[in-house]
Structure formats: structure tokens, C-alpha cells
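First comes the structure, then the notes that go with it.
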Amino acid sequence: MKPPENITTIEQMEADNAMLKQNACAVCAETYDDRVKAQSPHCKFGEGGICCKNCSMGPCRITAKAPRGICGADAHAIAARNYLRSVAAGTSSHSDHAREILHVLRNASPEGNYKIRDEQKLLSLAKEWEVPTEGRDIYDIARDVADIGLMEFGKPEGTQRFVSRATPERQKVWAEQGILPRAIDREVVTAMHMTHMGNTADAEFLVRQGLRTSIANGWGGSMLGTEVTDILFGTPTVRTTEGNLGVLEKDMVNIVVHGHDPVFSEMVVTAAEVKELTDYAKTKGAKGINIVGLCCTANEVAMRHGVRMAGNFLQQENAILTGVVEMMCVDIQCIFPALPQLAECFHTKFVTSSPIARIPGATHIEFKPETAFQQAKDIVKMAVDNYQNREASKVCIPPSKKNAVVGYPTEQIIKHLDGVTNSHVDELGSYKPAIDAIKAGVLRGAVAIVGCNNPRVRPDYSHFEIMKELLQNDILIVATGCAAQVATKAGLLNYDAKYYCGAGLRRVCELVHIPPILHMGACVDISRMMLLATGIAKDWGVDTTQIPVVGCAPEWMSEKAVSIANYVVSTGLDVYLGIEPQVSGSAQMMELITEGTRKITGAGYIINTDPHELVKNILAGIEAKRTALGI
Ligand code: XCC
Ligand code: SF4
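Quick note: the sequence shown uses numbering that gives the first Met the number 0, first residue 0, plus one each step.
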């Protein structure tokens, strides 16, 4: 049987890229693959994590002849310190993002630019945090909730509030192991302090602080980010959209929103729907305004508005190379500094909006919540005015796009599961139907596939192969971030993807009417996955580390991903990596991240750069969990 039309191949995806590369050559533009060549071979010391520049006696590089830095730090200390600093940076990124959104919640008002869209979620968080709600104005409650949320960053004592959402067993492990996270800022600062010259040199303790700092992300910053984003912009629901560069329109004003913070992109999306602006676009000869998303912003606006997704991380240059992007506007994280220069080869306007993501060559419009809507309208108008500057000779839009069903937060997953048995579901719902399917072996387990794409491997290929093979083996997949975008581009987020599924998974998908890969959102929403795993474990009556559910990041690249991998391991779930963390210069560190953490949290990394081998590892891991559970 031939794959249904809605599913594409990696070859087709690569042919699109090649077509755009030609467009780049035609305008003499440099792209990431040129820079990969220029950077190859990579520095071995950096790759192994054994270059230290934490003080000015260095930099020190570890070799057989020079096994210690000037201060005496060995390869293990240096690799572990570098690794912990990555966790701290990743935790900071997700958490600072959340903090910004909490400030927006704090200032939300019925007359202002930002309102409360999900009162229910706000009220349940208020209840969880014991904020009085009886007879109070919803915006007053919001302010109190925001204040408590903001205290999570710097409170002088206590631990992260959301850890109480974990299984009781997990909380006990974290407490006993001394890795219960205090205030978010405190954990990041402690990590930076520990890695200062002349502090911790014992790799194990640096790894432990990595776990603790990461829990402050997954069960702190990221979880706050997800909750508050839902409160402000609505908890996502299932909707159908499209993805891949074919969503760019030849005869419309194309605006790409790229980054992570929905406070910005939500407003641009709203502004683009204003009639006055769509009419204005028509006066300029365009058929309308076409907003599309890129990277995690794409996930955020697709889940809440059905906005179409142009693609993932390594497609950011490709979007501009189509020659039809009037404007790319960005906020924070994962934005190539190469973009303004590339935009100059075309008519594309490149707009930065955040004071913490300034890029030379960009037009900077600092986005402020108080003036957000007006600013968004100005930005959209600027894009419309730019439509007439498009050069027909440079236009090249690959026609590829696929249907995608998106928007499966835990709330939505529970609703669908309820459809399986039509059983009564209480307020919080139950994962029992999924558990029964896993126990019966109809589903073997579930894998959370997350993270970026990366030119270190054949981009998107690892994701694609791993997803297909897991589906064949009756493994349900949940996806976020750029991994979810690969699934989108490939056509694996639509119902037709059951073509790839084994008989059991196909039956489940048909029964509850879901695609076999559930789109759970952006990377901060990996916190949703932690709650999903926790919900399953609680309903099962076991700890998270026992259930046949694991994480997989086939092509991760960012420091955020290092922090995520750590909090997934802290939650007791094994993480399968297709890219090796930069610690291989230390045998002790390799042992610590693959085996050592098992003694602390019950989970660790399994690393394999061959996607087919990695799938074998995942399947073996899932079967081992099943056996241990006696199923
Ligand atoms: Fe960035 Fe979140 Fe990675 Fe994509 S997956 S490249 S981190 S956009 Ni998070
Ligand atoms: Fe070298 Fe030690 Fe300074 Fe690092 S901290 S640069 S290993 S002397």
C-alpha cells in the first residue's frame, strides 16, 4: 500500500530545501549549511566539554599530556561545570519567559490589552494556592495568583509549589536526594556559584545540582509559563491547521511570527485580523494578510488559533528564502542572528521586539504590554506597506504543506480517553482507559518526542524515522516543539498517519478519533508532558519511573534542551538522545548521565546517534518497564 497523500517523505522535504538553496545561491546569500562547512571539523575540546574558561588563568584544555587545568581541575570537573552551566542557562530561558508572562497576568485588566481567557484555569490555580476566590473580581484573583507565581522566583524559603503535583513517591525521592528545588533564581545562582573557579570540583555534585536546577524549570518556570499562558490566552483545544512552507501565499502579505513568547505573537495575530488592516492590504493589491508561525511560536498560535505553521528551527532561513515574506517578527530564543543579513538579500523586513534579544541589522520595536495592540497594528501595517517591494524574480515557494491536527493539552487528552469507555469521568478526569490499553498490550507504551532539529545529523531524518518506527510498534507519541513540527511537515499529525501504525495503535486512534502523534504544544509545554506522565502513574498507582513512558530528543541542540532532559530524568523518565551531550571528554560524566543519575532519580540517558538503533533501545526500554510491572 502506498502512503496516503497526506504523508510525505524525507526526500520530498529535502527536495524543498534544495530548491530554496538554489534561491540562496542566486542572491549570493549564505545559509546555515555554508556555516556548518566553515565550522567543520568542530573543536574537539568543546565537543568533549573539556575546555574551561571560567577564569583568566585559562583557558585550559585537557589532553593526555595536560590532564589538569592550571588550578588542578580535571576533565570531570570541567565537563561537569560546563554541563551544569548549560542547565542553568536553559532553566533561565524558560523561566524568564514565564516570568514575563506572569507580569502580564499581574497587569491584566478588562479594559487593557491582555484579558483573562480561561477563568476556570485561573480559579483552579487559585484554589491550589489557597488564594481566596469567593465573591472576588477575577482580575483581583489574577493579581494575587501572579504575585504568588512571581515569588516562586525569589522566595527566601520553601521549595517550588508545583512539586506537590508530582507523585508522592517522586516527591519523596527529591526530598531524600536533596534535589527539591528552592526558588528558581536561587537554583540558577547556586549553579553559577558552584561552577565559579575554585568551588565544586566533584562531578557528581555538579550533576546533582543540575537535576535540582532543572526541576526548578520543569516543575517551576516552565510549568508556570504553561499555566499562565493558558490563563491569558486560553487552554488549547483540538483544531485543524496546515504546516510547511507551502503555507506562505503568493498573493497575500506574509508575516512570519518566530520565537517563543505568545504575549507578542498573540497580539500580532489579533492585529492581522483587524478589518481596517486587511482592507488596507487589499488597497495594496494583496488578497489579504497571511500570518504563519515558526519554531515554538508556531506551536503556540497554531494550538490556540489554528494559525498555520511555516516550519521548525532549521527552516527559519528557508522562510525568508522563499522571497515572499514581507516581514519576519521575532521575540525570544532560537532566532538565528544570521536572519537580518539574509533578509537584506530580499525585501523582507526583520523586526525584533524584545530588549533581551537584540540583533544587529534588525529593526527594533520594543514591545510593551501597555501599548501592545497599537504596536502590533503598526507592525502589521509596516508589513503591508512592504508588499509592493516584493521582487517577482526572487519568488520560490515550495508547494509542500500538510494537514495537521493540533492542540492536545492533558485536559484534551483526558476528554478523548473518556470517549473510549464512555465511563464517568470526574472533574479531573482519568487516564484509566489509556492504562487499560497499555496493560492489555494494545498500546505498548508512550514516547514524548521533543526538541530541535540539528545539522549535526541529517536534519529531520532522525525524527521522521523514529516516529514512523515507534508508530509501527504500537507506541503512542506525544510531541512538542520543533519535533512536533517535523511531524506536521511529514503529515504525521493527521488521522491518515494511522497508515504507519501497528494494529493496536490504529485501533485506539480510530476508537477515540485521535492522530497517533498528539501535539502538546511548545517546549515550555513539556511541563504538560510531566503532568501527563504523573497523571498516568497516579491512576496506575505507581511512580512515574515505573510506567512504560519515556522521553526522546533525536536532534536536540539548545541549552533549554539540556535542562529539559534533566528534569525529565528527575521525573523518573528515561531520555533517549540522538545527539551526544558535550561531556564525552570525561568518562566519569558519561557514566554519571547515563547510569549515575539512575541511583538518584531512577532514570538516565540512553545515547545513540543512529536513529534506528535508538528506536531499538527505546523499544527495549519500554518492554523492560512492562516486564517489571508484570504486564
Ligand atoms: Fe528552539 Fe522551541 Fe529547540 Fe525548536 S525545539 S529549536 S529549543 S524552538 Ni524547543
Ligand atoms: Fe583553568 Fe581552572 Fe581557570 Fe578553568 S578555573 S580556566 S581549569 S585555571
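In this text, a Cβ means the ideal position worked out from N, Cα and C, and glycines have one as well.
*Does the beta-carbon of Trp-128 have 16 or more other beta-carbons within 10 angstroms, so that it is buried, or is it exposed?*
exposed
*Cβ of Ser-352 within 7 Å of Cβ of Ile-334?*
no
*When every heavy atom of the ligand SF4 is checked, does at least one fall within less than 6 Å of the C-beta of Ile-448?*
no
*Do the CB positions of Val-574 and Gly-601 come within less than 7 Å of each other?*
no
_Within the continuous beta strand (DSSP E) that includes Cys-451, where are the two ends?_
No beta strand (DSSP E) holds Cys-451; DSSP gives it neither H nor E.
*For Ala-88, the nearest candidate out of Val-144, Pro-58, Gly-157 and Thr-212 (CA to CA)*: Thr-212
*Three-state secondary structure (DSSP) at Ser-422?*
Its pLDDT being 48, under 50, Ser-422 is placed unreliably in this model, and the value from its coordinates should be taken loosely. Here Ser-422 sits in coil by DSSP.
*Which term fits His-41, buried or exposed, when burial requires 16 or more other beta carbons within 10 angstroms of its beta carbon?*
exposed
*Between Lys-559 and the ligand XCC, is the CB less than 6 Å from at least one heavy atom?*
yes
*Any heavy atom of the ligand XCC closer than 6 Å to the Cβ of Gly-89?*
no
*Look at Met-529 and Thr-570 and say whether their C-beta atoms are less than 7 Å apart.*
yes
*Compute the Euclidean distance between the alpha carbons of Val-424 and Gly-534, then round it to the nearest angstrom.*
Low per-residue confidence applies at Val-424: pLDDT is 42, beneath 50, and the placement is therefore not dependable, though the value from the model is reported in the following sentence. Val-424 and Gly-534: Cα-Cα distance of roughly 14 Å.
*Given Cys-522 as reference, the closest of Met-556, Leu-504 and Leu-510 once Cα atoms are compared*: Met-556
*Starting from the Cα of Ala-107, find the closest Cα among Pro-359, Thr-347, Thr-370 and Pro-547 and give me that residue.*
Thr-370
*asked:* In the DSSP output, which residue or residues are listed as bridge partners for Asp-73?
replied: Arg-67
*Who pairs with Ile-331 in a beta bridge, going by DSSP?*
Answer is none; Ile-331 lacks a bridge partner.
*Cβ neighbour criterion (16 or more within 10 Å) applied to Ile-630*: exposed
*Any contact of the region 602–622 with the region 462–477, i.e. 3+ C-beta pairs under 8 Å?*
yes
*Looking at the unbroken beta strand (DSSP E) that takes in Phe-349, where does it start and where does it end?*
348–351
_Are there any heavy atoms of the ligand SF4 lying less than 6 Å away from the beta-carbon of Gly-292, as far as the coordinates show?_
no
*asked:* Given a cut-off of 7 Å on the beta-carbon distance, is the pair Gln-208 and Leu-83 in contact?
replied: yes
_Among Ala-63, Gly-220, Ala-145 and Asp-435, nearest to Arg-181 - alpha-carbon criterion_ = Gly-220
*asked:* Does the CB of Pro-610 have a neighbour CB from chain D at under 7 Å?
replied: Absent here is chain D; the protein component of the structure consists of one chain.
*Less than 8 Å between the CB atoms is what I'm expecting for Ile-69 and Gly-48, so what's the real figure, rounded?*
That belief does not hold up - the Cβ atoms of Ile-69 and Gly-48 are roughly 18 Å apart, past 8 Å.
*asked:* Restricting to Cα atoms, I'd like to know which of Asn-253, Lys-286 and Lys-281 is closest to Leu-293.
replied: Asn-253
_Please tell me whether, using a cut-off of 6 Å, the distance from the CB of Asn-53 to the nearest non-hydrogen atom of the ligand SF4 is below it._
yes
*With respect to the alpha helix (DSSP H) encompassing Leu-504, which residues constitute its N-terminal and C-terminal limits?*
502–511
*Would you give the residue range spanned by the beta strand (DSSP E) that Glu-156 belongs to?*
Segment: none, Glu-156 is in no beta strand (DSSP E) and carries neither H nor E.
_Just to confirm, is the Cβ distance from Ile-235 to Met-302 under 7 Å?_
Before going on, a small fix: residue 235 reads as Pro here, not Ile. Yes; because the gap between Cβ atoms is below 7 Å, this pair is in contact.
*Leaving aside the five residues before and after Leu-313 along the sequence, list all residues of the same chain whose C-beta is less than 6 Å from its C-beta, in chain order.*
Asn-452 and Pro-458
_Could you tell me the alpha carbon to alpha carbon distance between Glu-186 and Tyr-498, rounded to whole angstroms?_
46 Å
*Contact check, Ser-85 vs Glu-594 under 8 Å by CB: the rounded distance?*
In fact, because the Cβ distance is near 20 Å, the residues do not count as touching under 8 Å.
*If we count the other Cβ atoms within 10 Å of its Cβ and call it buried at 16 or more, is Gly-440 buried or exposed?*
exposed
*Which full runs of the beta strand (DSSP E) of 3+ residues lie inside the region 567–614, going along the chain?*
574–576 and 604–606
*Report the rounded CA-to-CA distance for Lys-249 versus Gly-490, giving the unit in angstroms.*
22 Å
*Exposure of Lys-624, with buried meaning 16 or more beta-carbon neighbours within 10 Å*: buried
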